[in-house]
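Counting from 1 along the first sequence, just add 195 to a position and that's the residue number in our numbering. All C-beta atoms in this analysis are idealised placements derived from N, C-alpha and C, irrespective of residue type, glycine included. These numbers come from a predicted model, not from an experiment. Written below as structure tokens is the structure these notes are about.
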Amino acid sequence: MSKNRQFNDKTGQNYIKLQHFLRKVDKNMNNTSDVEQKYVNETINLALDTIKKDKQALIFVNSKRSAEKTAEDIAQKIKKTTTETETLAEKIIEAIPKPTKQCERLARCVRKGTAFHHAGITQKQRQIIEDAFRAGTIKIIACTPTLAAGVDLPAYRSIIRDLKRFSTAGWSGMQYIPVLEYLQMAGRAGRPDYDSEGEAICIAPSDTEKEVIKEKYLLGRPEEIYSKLAVEPVLRTYLLSLVATGFVHKKSEIMDFFSRTFWAYQFNDMAHLRGIIESQLNLLENYEFIITKQKDEFVTASDMTEDENIRATFLGKRVAQLYIDPLTAHLLIKRIRRSTEKPMHEFGILQMVTNTLEMRPLLKVKTKEYEQVLEKLNRYEQFIFQKEPSIYDPEYDEYLASVKTAFFLMDWIDEKDEEFLLTQYDVRPGETRGKIERADWLLYCSEELAGIMHFNHINKHIKKIRFRLKYGVKEELLSLLRLKGIGRVRARKLFHNGIKDLGGIKRTEISVLAQLVGKAVAIDVKRQVGQEEELPETIPLTKRKGQMSLGKY
DNA sequence: GGACGGTGAAACTTCAGGTTGCCTC
DNA sequence: GAAGTTTCACCGTCC
196 MSKNRQFNDK TGQNYIKLQH FLRKVDKNMN NTSDVEQKYV NETINLALDT
246 IKKDKQALIF VNSKRSAEKT AEDIAQKIKK TTTETETLAE KIIEAIPKPT
296 KQCERLARCV RKGTAFHHAG ITQKQRQIIE DAFRAGTIKI IACTPTLAAG
346 VDLPAYRSII RDLKRFSTAG WSGMQYIPVL EYLQMAGRAG RPDYDSEGEA
396 ICIAPSDTEK EVIKEKYLLG RPEEIYSKLA VEPVLRTYLL SLVATGFVHK
446 KSEIMDFFSR TFWAYQFNDM AHLRGIIESQ LNLLENYEFI ITKQKDEFVT
496 ASDMTEDENI RATFLGKRVA QLYIDPLTAH LLIKRIRRST EKPMHEFGIL
546 QMVTNTLEMR PLLKVKTKEY EQVLEKLNRY EQFIFQKEPS IYDPEYDEYL
596 ASVKTAFFLM DWIDEKDEEF LLTQYDVRPG ETRGKIERAD WLLYCSEELA
646 GIMHFNHINK HIKKIRFRLK YGVKEELLSL LRLKGIGRVR ARKLFHNGIK
696 DLGGIKRTEI SVLAQLVGKA VAIDVKRQVG QEEELPETIP LTKRKGQMSL
746 GKY
């Protein structure tokens, strides 16, 4: 691959245009006419040039905000709209029941044939944008690395605007991304299904950086790949699953297995690895997820001889099946135990699962909201199962973040809409879904663990919260949600019109129901409560007294 | 002279992403 | 560390 990498260095400008041919190398491409310098912003110039050539481009940037702004800046330079882009913009707006400012911004871009793409837009909007790009309606997508891998789009150009990204690992600050990642982004251009060639163009902000980019990314080698097996959560998860599935029965078999992994091959120091494995085995034994034959004789995992039997406990097997970090399972168990001493509240249950490795990244508590979060925590801390860390502990920030994330989920099940979540928590619609799904998975795990430990008192509460999380509703709507075709919006509409449960559905005339939820749903809902009813020919279209739209709530 | 709008500098804030599981009050 | 956003002072125009 590196052999095929060529570059064309346009010196004397404040940017570097590096043509990196990915497919068939065409030497003539080195003589392509210059990009018109209409604006100061090179990204805009390149985007407009791509459109002028009747081609398409992906622009890679390092933050969601940048992706949105870039797409919008380019859109502002495009005058015409088409019927296709107008229709597309409507689809974007209709993608969620109550569009947010982000949806409106995306629709404005789409109207001009550009779009932004990042983890914050919904799955449906992503699909619309990707399909429209394939159809050629959208010409430019400004994106974060969401589109860097696993997608096949007809992009002739990959414009890589940002090669640095903010990182808190190691030296905090802006750091160059790995070459491997650069290659992933560059590889989006010139796909074999659509083009015989493509261009990957880096934009360098200065002459100094121009040289660095040339050396590091265009002429440099991709990084070595390192095994991740030594990462503790990964190691203990796999260790437990090896024992739980019966793949290994003895410590010698465990060591033999790991000695044949890429990890052992790479580090070539089995004695050191053995020490790491033994400490994790001890941990699993302390958590009561594994057991040795001599357990009754107080033999710990590290004291075992190589041939002593080792097996998973019933609890350990279930933890392995649930596929969570054993440490998370251990923490959940501790918190479930403590729940007997605390008043049961949805906040406590939500916080129980938010302070886990699996929920990361958590919502950070910003400087200006610190006091506000503390004040709110003060009102709710009586419901928290975990032991509160000291304010001086390094994990206190993480604890506060878990509290904020729990508040976020609590607002979701309190029927706060996506716009509220966006402004209050800076969580975009696409991210909301992901967080809810992970919380639901961890709640399911808690339910399973509680069941095994006979702490069933908590399970009915967990079940209820999982149901509410799925729909984002208050408890009062649960009854209506049992009906197929009734979700958060329709249930709230029915409730506000006095129809609060299945009995209410039965008592309400079908014509009234049809006004609220539409004809087809009304007939179906009536059928579900055992009433086969036909709809009258004409339905009065006036609103019932007291009928209100969900928007007000 | 006051209201209003435009502009630009300064201060402030925030910073990518995706896999696992099961199916409900 | 840098881009993007917000805030605020300043200035010109209009009524």
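- Bounds of the alpha helix (DSSP H) holding ILE700 are 697-702.
- Here LEU678 is actually not in contact with GLN726; their C-beta atoms are around 12 Å apart, not less than 8 Å.
- Per the coordinates, the alpha-carbon of ARG383 lies some 7 Å from the alpha-carbon of ALA350.
- Ranked by how close their Cα comes to the Cα of PHE452, the residues HIS467, LEU434 and THR317 have LEU434 in first place.
- Distance from the Cα of ILE291 is smallest, within the candidate group PHE690, ARG628 and GLY699, for ARG628.
- Counting along the chain, no alpha helix (DSSP H) covers THR341, and no H or E run does either.
- By the CB criterion at 8 Å, GLU576 and GLU583 fall inside the cutoff.
- The criterion of a C-beta distance shorter than 8 Å is not satisfied by ALA645 and LEU604.
- In the displayed model, GLN370 falls within a strand according to three-state DSSP.
- At least 8 Å separates the beta-carbon of GLU473 from that of THR487.
- Taking GLU671 as the centre and dropping the five residues before and after it, the same chain places the C-beta of PHE690 and LYS695 closer than 8 Å to its C-beta, in chain order.
- By the neighbour-count criterion, in which 16 or more other beta carbons inside 10 Å mark a residue as buried, MET648 falls on the exposed side.
- Per the C-alpha coordinates, the member of LYS264, LEU673, LYS293 and LYS334 positioned closest to LYS275 is LYS334.
- For ILE239, the CB contacts under 7 Å within the same chain, skipping 5 residues up- and downstream, are ASP268, ILE269 and LYS272 in chain order.
- If only complete runs of 4 or more residues are kept, the stretch 231-285 shows the alpha helix (DSSP H) at 237-247 and 259-272, in order along the chain.
- Contact between the stretch 371-390 and the stretch 277-297 is absent, with fewer than three C-beta pairs closer than 8 Å.
- For PHE615, the uninterrupted alpha helix (DSSP H) run begins and ends at 613-620, by DSSP.
- By the neighbour-count criterion, in which a residue is buried when 16 or more other Cβ atoms sit within 10 angstroms of its Cβ, GLN567 is exposed.
- According to DSSP, residue pairing for HIS444 in a beta bridge does not occur.
- Assignment of HIS313 by DSSP, reduced to helix, strand and coil, places it in the coil class.
- ALA337 places its beta carbon less than 8 Å from that of ALA262.
- Counting only the Cα atoms, TYR460 lies some 50 Å from ILE287.
- Apart from sequence neighbours up to five positions away, the residues of its chain that approach GLY393 with a beta-carbon distance below 6 Å are LEU217, TYR351, ALA384 and GLY385, ordered along the chain.
- For VAL560, same chain residues with a beta-carbon under 7 Å away, outside a window of 5 residues either side, are VAL568, LEU595, ALA596 and LYS599 in chain order.
- Judged by their CB atoms, ALA344 and THR309 are not nearer to each other than the 8 Å cut-off.
- About 15 Å separates the Cβ atoms of LEU552 and SER641, ruling out a contact at the 8 Å cut-off.
- Note on geometry: alpha-carbon atoms of LYS529 and LEU413 lie some 52 Å from one another.
- The stretch 455-470 and the stretch 408-425 touch, with three or more beta-carbon pairs separated by less than 8 Å.
- Contact check for HIS312 against ILE323 fails: the beta carbons are separated by 8 Å or more.
- The Cβ neighbour count for LEU375, taken over all protein chains shown within 10 Å, is under 16; the residue is labelled exposed.
- The Cβ atoms of HIS540 and PHE602 lie no closer than 8 Å to each other.
- With fewer than 16 other CB atoms across the displayed protein chains lying within 10 angstroms of its CB, PRO589 is exposed.
- Given a length threshold of 3 residues, each whole run of the beta strand (DSSP E) inside the stretch 430-489 is given here in chain order: 485-487.
- Contact between LEU348 and LEU253 holds: CB atoms are separated by about 7 Å, below the 8 Å threshold.
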